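Residue numbers (the UniProt record's numbering): 1 to 185.
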């Protein structure tokens, strides 16, 4: 999404408010790239990787957890606004609509567009419990590994609860603004 859409948009459309369409995307990309880098480093060090629990714990705890909560909280709570911004550009800017049609021919996208990519980002955090669960099941004999994975699962669920709360707060705020607009009208 960063390479295909954001960088191309920056090059061709300086007037667009990209932060509104892709809030905190750079930070989310950096967080996940760092996580992937640690996983690959472990894989290079050991041909057979018997545990990633330490990497998971590190990713979902302390400062990293705060960054995940903040970045995902903002991205997910602005999901509707991002889609509205995209729709506005699609209907009001013919050059943007043509650019977008051209982008959708990129084989990397597999016929996915900006709305689908935004949705993928909002759903990504929910995939981590699906990663950890089979690891928990396969590590039943190793109590230390089991404890680390259970802690990682607990931490990721805590992050999910925090992000859900931020989304709920934003939806409540949006409803209040809508009510105020109706009262003023």
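All residues carry an ideal CB built from backbone N, CA and C; glycine is no exception. Being a predicted model, the structure only gives us computed values, none of them experimental.
Sufficient close CB pairs (3 or more, under 8 Å) joining the stretch 80 to 98 to the stretch 138 to 153: no
Rounded to whole angstroms, what is the Cα-Cα separation between residue 59 and residue 35? 7 Å
So, is residue 166 buried or exposed, given that buried needs 16 or more other C-beta atoms within 10 angstroms? buried
If the criterion is Cβ atoms closer than 9 Å, does the pair residue 75 and residue 122 meet it? yes
In the structure shown, what three-state DSSP assignment does residue 17 receive? coil
At least three beta-carbon pairs within less than 8 Å, the stretch 106 to 124 to the stretch 38 to 53: no
Return helix, strand or coil for residue 124, following the three-state DSSP convention. The three-state reading of DSSP puts residue 124 in helix, counting H, G and I together.
For residue 155, which option in 181, 69, 25 has the closest C-alpha, if you only look at C-alpha atoms? 69
Give the C-beta separation of residue 38 and residue 49 to the nearest angstrom, bearing in mind that I take them to be a contact with Cβ-Cβ under 8 Å. No, residue 38 and residue 49 are not in contact; Cβ-Cβ is about 11 Å, not under 8 Å.
Quick one: what does DSSP say residue 102 is sitting in, helix, strand or coil? helix
Proximity below 9 Å, CB of residue 22 to CB of residue 103: no
Is DSSP giving residue 24 helix, strand or coil here? DSSP, reduced to helix, strand and coil, places residue 24 outside both helices and strands of the structure shown, so it counts as coil.
Roughly how many whole angstroms lie between the Cα atoms of residue 25 and residue 180? 31 Å
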